[in-house]
Ligand code: NOJ
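Shown next, in the form of structure tokens:
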């Protein structure tokens with residue numbers, strides 16, 4: 001297998017708005033990140049993925065960009081950005097930026113021009129259409145509630161926005177637009193950044209004619225997915241981007257690709273495709289979602305393992321996995337897949353053991369390394385995420401869902417769960433800011449915080465540090481083959497990794513009760529030593545009782 005730095009590294013995802021505020025305005029900033037670089041170095045991560053820091057009116061927290069070449073005012077200046085990049089490189093940490101080019105802000109100068117007149121030079125940078133009998137051009141709904149079309153009086157046409165109406169979709173059919181994007185990417189690479197995470201990159205090619213999408217029972221709008229995800233020219237565009245830009249630099253790319261199967265994934269990341277290095281797929285993230293994300297569907301461990309293992313097996317010799325259980329759009333992993341009360345520490349470590357012993361590149365989302373949890377605000381006004389606020393208007397105020405049911409959905413799945421400020425210590429606002437934080441701090445900061453974690457040898461933090469270190473020292477974790485045991489077990493996830501005779505056996509109890517476990521028959525004769533475990537005294541017997549959320553990795557010889 002080809003060896004690459006982005007396969008061997010561990011990525012830390014940093015959400016700047018909530019990381020560290022240096023000037024007391026309640027919003028995290030670049031200087032705040034610079035203050036904490038030694039903390040990140042101590043954890044041992046190799047790469048940082050920084051959520052968008054570009055100029056933005058912040059309708060969607062930086063995913064609505066009004067200038068791709070400037071830094072958002074609240075975050076600081078270009079000089080500070082350069083200092084940050086220097087500070088990271090100085091510590092041997094690479095920097096991956098967010099590339100958001102499915103859409104811009106409606107305040108971007110291209111859109112301001114585009115909207116002026118039908119024959120404006122920038123008109124065709126976006127997707128404009130006439131309405132149909134006083135209605136939008138088609139039935140598509142946006143990801144953030146409502147129609148995906150916004151009427152604009154100036155020219156009596158509608159523009160497409162798959163996200164909020166302040167995020168008009170770019171028209172990738174236009175070669176001039178594509179060239180502008182490539183030039184912008186080169187600009188950042190020339191400055192020294194080491195890669196891009198590409199926002200909803202599989203949305204950029206739309207099926208011509210933009211046909212109506214399928215509408216399920218009870219749906220208010222048609223689904224755009226069949227006509228604007230993995231569209232007809234997507235691979236042509238990505239290969240062009242690769243030829244024009246990516247191939248000229250030693251950089252890492254990870255494409256955010258909702259709705260992608262392993263077969264499709266290989267068309268993006270396969271060795272001979274010349275497109276991307278990795279993708280984020282969401283099969284596991286979609287587990288347990290009902291008709292909408294606010295409704296719950298029960299999931300089983302077998303389903304969970306089925307998804308994880310399928311991706312391990314399918315991309316084992318072509319492509320590369322991204323390993324994550326949460327990010328800025330998902331609830332906190334310990335609350336969702338573990339137990340954020342009695343077994344918070346054990347279950348956070350157990351989940352981390354899985355992520356860091358699979359084939360692929362692990363992503364640690366800020367705060368995960370100290371086991372930060374979901375939050376519950378009682379007032380809807382305390383939420384800042386437009387996905388939540390728009391859905392509340394459409395569903396609760398529109399009489400389609402009971403308030404308590406919707407709030408239960410928000411507590412379970414809402415994006416603000418992951419966006420609460422980083423908990424640094426037990427002082428005011430968890431040490432995040434001396435001002436009023438833009439989003440309320442999770443009240444559990446008095447117990448769960450970095451300072452406390454650094455003082456405790458048994459903390460989740462030090463367990464992550466060890467996992468990260470083990471990956472660096474043991475190529476079997478990075479490149480080893482994957483083989484699963486006890487696929488039907490509804491309690492335990494068990495798999496082996498193997499490379500050139502080096503063997504690891506991973507055993508994970510996913511629940512809060514004790515469970516019997518026997519070492520798989522074919523491995524019984526091998527000698528076992530403990531490689532890492534989340535309990536202190538661990539048995540190497542063939543038949544054991546796993547304790548709540550116990551994780552054991554054995555070295556076999
Ligand atoms: C995916 C990003 O991760 C999310 O935060 C954002 O709202 C949408 N794309 C739109 O850019």
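In full-length UniProt numbering, the protein residues as written are 1 to 557.
Note that beta-carbon positions come from the ideal geometry of N, C-alpha and C, so glycine has one too.
All values derive from a computational prediction rather than experimental measurement.
Query	Result
Helix or strand or just coil, what does DSSP make of residue 353?	helix
Using the three-state DSSP reduction, which class does residue 142 fall into: helix, strand or coil?	coil
Is the beta carbon of residue 68 sitting closer than 8 Å to the one on residue 184?	yes
Could you spell out where the beta strand (DSSP E) holding residue 98 opens and where it closes?	94-99
Quickly, what does DSSP pair residue 361 with across the bridge? List them, please.	322
Is there at least one non-hydrogen atom of the ligand NOJ closer than 7 Å to the beta-carbon of residue 107?	no
Would you kindly work out how many angstroms separate the C-alpha atoms of residue 380 and residue 155, rounded to a whole number?	36 Å
Take the Cβ of residue 118 as the centre, count every other Cβ of all protein chains shown within 10 Å, and call the residue buried at 16 or more, exposed below.	exposed
Measure from the alpha carbon of residue 47 to the alpha carbon of each residue in 303, 401, 196, then state which is nearest.	196
Since I believe residue 52 is in contact with residue 65 (beta carbons under 8 Å), could you give me their beta-carbon distance rounded to a whole number of angstroms?	6 Å
Could you check whether the Cβ of residue 63 sits closer than 7 Å to any heavy atom belonging to the ligand NOJ?	yes
Verify the contact flag: residue 161, CB atom, against every heavy atom of the ligand NOJ, threshold strictly below 7 Å.	no
Could you compute how far the alpha carbon of residue 519 sits from the alpha carbon of residue 543?	7 Å
I need the DSSP call for residue 108, collapsed to helix, strand or coil.	coil
Please classify residue 305: does DSSP put it in a helix, a strand, or coil?	helix
Report the rounded CA-to-CA distance for residue 11 versus residue 92, giving the unit in angstroms.	13 Å
Report yes if the CB atom of residue 253 is closer than 8 Å to the CB atom of residue 284, and no otherwise.	no
If you compare alpha carbons, which of 85, 417, 73 is closest to residue 366?	417
Give the single residue among 325, 215, 329 whose Cα lies nearest to the Cα of residue 200.	329
Counting beta carbon pairs with one atom in the stretch 130-140 and one in the stretch 93-113, are three or more of them shorter than 8 Å?	no
With hydrogens ignored, establish whether the beta-carbon of residue 60 is closer than 7 Å to any heavy atom of the ligand NOJ.	yes
To the nearest angstrom, how far is it from the Cα of residue 6 to the Cα of residue 270?	15 Å
Does residue 525 pass the burial test, meaning 16 or more other C-beta atoms within 10 Å, or should it be called exposed?	exposed
Within 10 angstroms of the Cβ of residue 468, are there 16 or more other Cβ atoms? Answer buried if so, exposed if not.	buried
What is the residue span of the beta strand (DSSP E) that residue 195 lies within?	195-198
Is residue 62 near residue 78, with beta carbons less than 8 Å apart?	no
Apply the 10 Å Cβ neighbour rule to residue 170 and answer buried if 16 or more other Cβ atoms are within range, or exposed otherwise.	buried
Ends of the beta strand (DSSP E) at residue 530?	528-533
Quick check on residue 448: buried or exposed, where buried means 16 or more other Cβ atoms within 10 Å of its Cβ?	buried
Can you tell me the Cβ-Cβ gap for residue 264 and residue 230, rounded? I've got them flagged as a contact below 8 Å.	6 Å
Roughly how many angstroms lie between the CA atoms of residue 421 and residue 383, to the nearest whole one?	13 Å
Any beta carbon of chain C sitting closer than 8 Å to that of residue 557?	Of the protein chains in the structure, only one exists, and it is not chain C.
Between the alpha carbons of residue 553 and residue 395, how many angstroms are there, rounded?	46 Å
Mapping the DSSP letters down to three states, classify residue 284 as helix, strand or coil.	coil
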